[in-house]
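Participant: With UniProt numbering, you'll find the sequence shown wraps up at 165, consecutive numbering, no jumps. Starting off with a structure, shown below.
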Amino acid sequence: MSMNGQYLRLTPAELERALHDPDWAAELAHPRHDTGALAAAERVHETDKAWHGLNFLLTRRGFPVDVVFGEADMPWPAGHDWGYGPPRLLTADRVRAAVDALDAHAPDTLTDGVTPGDLAAADIYPQIVWERGEEPDWIAAHWAALIPYLRAAARDGDALLLWIS
1 MSMNGQYLRL TPAELERALH DPDWAAELAH PRHDTGALAA AERVHETDKA
51 WHGLNFLLTR RGFPVDVVFG EADMPWPAGH DWGYGPPRLL TADRVRAAVD
101 ALDAHAPDTL TDGVTPGDLA AADIYPQIVW ERGEEPDWIA AHWAALIPYL
151 RAAARDGDAL LLWIS
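Printed below as a string of structure tokens:
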């Protein structure tokens, strides 16, 4: 089983509800196909297995917002695991801060100076990819896909729930 980075956009009203109703939030994040999966497509995003590499590269470059793991725990009771732990929160203000920093962290420069050996040495998931010597360009492609999602969330004043599944 692979580990994938997941995102869910929440309006301020939805965030308020999610804070008090984790089961409702889980249903919103994981809609059944017969109850609105298509409508949920714009509010969800996935970075596939690139999440760990994104975290490594963005941290290395000093990106000011944790857009991979979120920056706050959800105040839920124990047991609300969405894969590899509970989701974490990135508030609407922090989403805007991330978008404000995007210009200095363009996808075409994200992997500059980074080799597969660097990622292997840092034990970045999925390790087998770096051990085979594959280039990290696919991480930058996931960053390029995440940017419009972050911009749309900031434009609409949305917060994000983030988790690894």
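All C-beta atoms, glycine included, are put in the ideal place defined by N, C-alpha and C.
1) Give me the residue from 161, 22 and 124 with the minimum Cα distance to residue 76.
2) Who are the near neighbours of residue 2 in its chain, counting only those whose CB is closer than 6 Å to its CB and skipping five residues on each side?
3) Return the residue from the list 98, 96 and 71 that minimises the CA-CA distance to residue 87.
4) Hey, could you find the ends of the beta strand (DSSP E) residue 67 is sitting in?
5) For residue 26, is the beta carbon positioned less than 8 Å from some heavy atom of the ligand HEM?
6) By DSSP's criteria, residue 84 is part of a beta bridge. Which residues make up the other side?
7) Across which residues does DSSP place residue 112 in a beta bridge pair?
8) Measuring CB to CB, does residue 67 end up less than 9 Å from residue 58?
Facilitator: In this structure, then:
1) Checked all of 161, 22 and 124; the closest Cα to residue 76 is 22.
2) 49
3) 71
4) Where residue 67 is concerned, there is no enclosing beta strand (DSSP E), given that its DSSP letter is neither H nor E.
5) Among the components of this structure there are no ligands whatsoever, and the ligand HEM is therefore not found.
6) None, per the DSSP bridge assignment.
7) Paired residues: none, contrary to the question.
8) yes
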